[in-house]
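Comments concern the structure below.
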Amino acid sequence: MKCSSVREIDTLTSLKRLQGQLNCAVIQGLDLTQAELDWETLECDGAVFMGCHFPDGVDEQSLRRRGAMILPKFANLPYHPYRHELYSREELMCGWTPGHDDSVDKKIYDHFHSKGRHNPDVLEAMAQRLHDHAIDDALRDLLEGRVERDGRKKVVAVMGGHGTPRTDPYYRKVAHITRQLTRAGYFIASGGGPGMMEAANLGAWMANADDHDLETALQILGRSPVYTDAGYMECAQEVIDLHPVGSSSLAVPTWFYGHEPTNFFSRYVAKYFSNSIREDGLLAIATYGVIYAPGSAGTTQEIFMDATQNHYGTFDWISPMIFLGKKRYLEETMLFDCISQLAEGKQYGEMLLCTDDVEDVCSAIENYQPTHYQQP
336 MKCSSVREID
346 TLTSLKRLQG
356 QLNCAVIQGL
366 DLTQAELDWE
376 TLECDGAVFM
386 GCHFPDGVDE
396 QSLRRRGAMI
406 LPKFANLPYH
416 PYRHELYSRE
426 ELMCGWTPGH
436 DDSVDKKIYD
446 HFHSKGRHNP
456 DVLEAMAQRL
466 HDHAIDDALR
476 DLLEGRVERD
486 GRKKVVAVMG
496 GHGTPRTDPY
506 YRKVAHITRQ
516 LTRAGYFIAS
526 GGGPGMMEAA
536 NLGAWMANAD
546 DHDLETALQI
556 LGRSPVYTDA
566 GYMECAQEVI
576 DLHPVGSSSL
586 AVPTWFYGHE
596 PTNFFSRYVA
606 KYFSNSIRED
616 GLLAIATYGV
626 IYAPGSAGTT
636 QEIFMDATQN
646 HYGTFDWISP
656 MIFLGKKRYL
666 EETMLFDCIS
676 QLAEGKQYGE
686 MLLCTDDVED
696 VCSAIENYQP
706 THYQQP
């Protein structure tokens with residue numbers, strides 16, 4: 336069968352609605368032992384079963400003869416290549432205690448490195464690529480409003496140094512900025528790690544808290560400022576215990592830098608094996624702007640990646656670039672002047688700002704609108 340469109344099925348409920356008409360459907364990562372299907376009469380020409388668990392007695396060869404493709408499960412992996420939803424903090428941290436890290440996150444990280452993060456074998460590489468594609472797909476569901484049923488997300492990303500202490504003035508500024516933007520209806524995304532990334536997700540998490548609660552959280556976190564300090568994770572958990580129901584935001588970390596802990600304050604975690612896909616994708620989804628807090632080489636790389644996307648309209652949209660930190664970006668590195676010169680005469684040249692003021696950042700995001708790229 337030649338399929339003009341493909342239906343993606345990732346829940347038993349949506350599978351049931353098809354009433355056995357699975358032609359040109361992709362069934363992803365489901366346990367089908369509880370599915371109410373007549374396997375003998377199932378229409379499945381053009382169907383693709385990805386890592387599904389079939390009931391005992393189902394004749395897979397019969398399904399193939401009727402036109403189905405069955406992609407097998409991979410054995411002995413600590414992750415699910417065909418998963419159909421993003422991670423959560425609870426899932427990744429399952430097994431972690433203050434005295435011993437036996438978390439899912441750590442098991443995947445150890446597996447990734449034992450298999451060779453630079454040169455995995457063919458099957459491992461295939462499993463990692465399938466996993467990252469599944470994360471892409473789940474992330475699209477979230478951002479297009481199919482997870483929280485709230486419409487398309489207005490994504491603002493925050494970049495900055497992973498080693499920035501929780502006591503740094505810019506950590507505090509970022510938390511206040513993202514809290515205010517979340518209250519204004521924007522959806523915050525970060526690289527998911529410590530430092531400025533944690534500050535971004537913290538502010539979003541605390542959007543429904545008052546100033547006193549945020550200040551209390553900052554004081555607790557300040558007892559263990561850097562992710563290599565003793566008690567770092569425990570302080571984050573203490574904040575979660577005091578404020579267990581926070582607002583939604585997104586973390587986009589990678590096991591490539593898995594020695595850095597995924598921060599606790601994002602409701603959704605899109606964790607990748609491929610760092611290049613993760614970085615380019617994080618910038619691409621930030622259609623309502625990117626805020627650059629002070630950072631080092633990684634942040635500098637992201638600035639030029641974002642500028643390239645804006646310069647050439649890589650994803651058809653132009654969005655603001657906000658540089659938070661005059662000393663860092665005007666004096667120490669002159670990156671703002673460099674990007675300003677590059678953007679001269681281009682659409683995104685009108686969407687650049689360098690400031691130290693929290694209100695200036697929020698106003699710029701709220702006043703700018705994503706703009707379609709126009710060919711010169």
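Residue numbering for the sequence shown follows my numbering, beginning at 336 and increasing consecutively. Built from N, CA and C at the ideal position, the CB exists for glycine as well. Quick caveat: nothing in here was measured; it's all calculated off a predicted structure.
Reduced DSSP category for residue i - H, G, I as helix; E, B as strand; rest coil
i    : result
H415 : coil
C697 : helix
R424 : helix
R452 : coil
D692 : coil
A469 : helix
D436 : strand
L365 : coil
V383 : strand
F658 : strand
Same chain only: Cβ atoms within 6 Å of residue i, ignoring 5 sequence neighbours per side
i    : result
M494 : Y627, T634 and E637
A542 : R514, T517, R518 and S582
Y683 : N645 and I653
Y444 : W590 and G593
S698 : none
Y664 : F658, L670, F671 and C689
A360 : R342, I344 and A382
Y365 : In the sequence under discussion, the amino acid at residue 365 is Leu, which differs from the Tyr named in the question. Around L365: C387.
Nonlocal neighbours in the same chain, by C-beta distance under 8 Å from residue i, ignoring five residues either side
i    : result
I470 : R418, L421, A605, K606 and Y607
Cβ neighbour criterion (16 or more within 10 Å) applied to residue i
i    : result
G451 : exposed
V587 : buried
P463 : Rather than Pro, the amino acid found at residue 463 in this sequence is Gln. It counts as buried.
S423 : exposed
G680 : exposed
P655 : buried
E404 : One detail in the question is off: residue 404 reads as Met in this sequence, not Glu. With fewer than 16 Cβ atoms within 10 Å of its Cβ, M404 is classed as exposed.
S601 : buried
R481 : exposed
H707 : exposed
9 Å Cβ cutoff met for residue i and residue j
i    : j    : result
R558 : A534 : no
A492 : L577 : no
I362 : L350 : yes
M531 : Y567 : no
L585 : L427 : no
T622 : V490 : yes
Same chain, Cβ closer than 7 Å to residue i, five either side skipped, listed in chain order
i    : result
C570 : I555, L556, R558 and S559
D467 : Y607, F608, S609 and I612
N358 : M336, E378, C379, D380, G381 and A382
Closer than 8 Å: residue i CB and nearest the ligand ZN heavy atom
i    : result
I523 : For the structure depicted, the ligand ZN is absent and the ligand set is empty, with no information on it obtainable.
Complete beta strand (DSSP E) runs within the stretch 482–559 (minimum length 3 residues, chain order): 490–494 and 522–525
Complete beta strand (DSSP E) runs within the stretch 586–632 (minimum length 3 residues, chain order): You should have 625–627.
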